[in-house]
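Participant:
Residue numbers (the numbering used here): 1 to 144.
#1: Applying the 10 Å Cβ sphere with the 16-neighbour rule, what's the burial state of residue 117?
#2: Flag this pair as yes or no: are the beta carbons of residue 107 and residue 12 separated by less than 7 Å?
#3: Between residue 123 and residue 87, which are expected to be in contact by the criterion C-beta below 8 Å, what is the C-beta distance as a whole number of angstroms?
#4: Quick one: complete alpha helix (DSSP H) runs, 4+ long, within the segment 19–58?
#5: Taking a contact to mean a Cβ-Cβ separation below 7 Å, would you say residue 114 touches residue 60 in this structure?
#6: For the pair the segment 23–32 and the segment 90–101, tell me if three or more CB-CB distances fall below 8 Å.
#7: Leaving aside the five residues before and after residue 94 along the sequence, list all residues of the same chain whose C-beta is less than 6 Å from its C-beta, in chain order.
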């Protein structure tokens with residue numbers, strides 16, 4: 001199989017690399033004053049879902065959709081006020097995680113491009129909007 005036929009998942013080495021990427025990203029989020037309040041106290045469930053989503057999105061096994069259904073990223077992030085500053089912090093942490101893990105070209109550029117577009121797509125508030133929403137556990141009948 002040529003490099004152009006390989007998925008990003010295969011290029012970077014599969015599951016282990018995506019797990020390291022998510023771990024590196026969440027380590028940064030845990031220390032970020034802008035982002036931390038948007039996440040629950042226990043970061044492990046979010047790490048699990050992000051790992052499954054990213055591995056699947058970049059060409060790995062379809063475990064995310066099997067376990068959780070359609071990603072519905074905008075819907076899942078809609079309870080949170082995400083402005084340009086939040087987007088910039090999120091993207092900077094993901095780029096730093098890519099660098100820490102040592103993801104090489106062409107996968108590096110493909111991933112950064114996706115994360116940049118995806119982070120921008122999640123913006124749902126003007127900068128300076130009060131961040132009134134902090135993470136709360138969904139009610140029993142709400143989708144997660």
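Heads up, the beta-carbon is just placed ideally off N, CA and C, and yes, glycines get one too.
Facilitator: Reading from the atomic positions:
#1: Taking the first residue of the chain shown as 1, we reach residue 117 at position 117. Classification for residue 117: exposed.
#2: In the chain shown, the residue the question calls residue 107 occupies position 107. In the chain shown, the residue the question calls residue 12 occupies position 12. In contact: residue 107 and residue 12 (Cβ atoms closer than 7 Å).
#3: Within the chain shown, residue 123 is the residue found at index 123, counting from 1. Within the chain shown, residue 87 is the residue found at index 87, counting from 1. Right, the Cβ-Cβ distance comes to about 5 Å (below 8 Å), so this counts as a contact.
#4: 44–57
#5: One-based indexing of the chain shown puts residue 114 at position 114. One-based indexing of the chain shown puts residue 60 at position 60. Taking 7 Å as the Cβ cut-off, residue 114 and residue 60 do not qualify as a contacting pair.
#6: yes
#7: Here residue 94 is taken as the residue at index 94 of the chain shown, counted from 1. 25 and 115.
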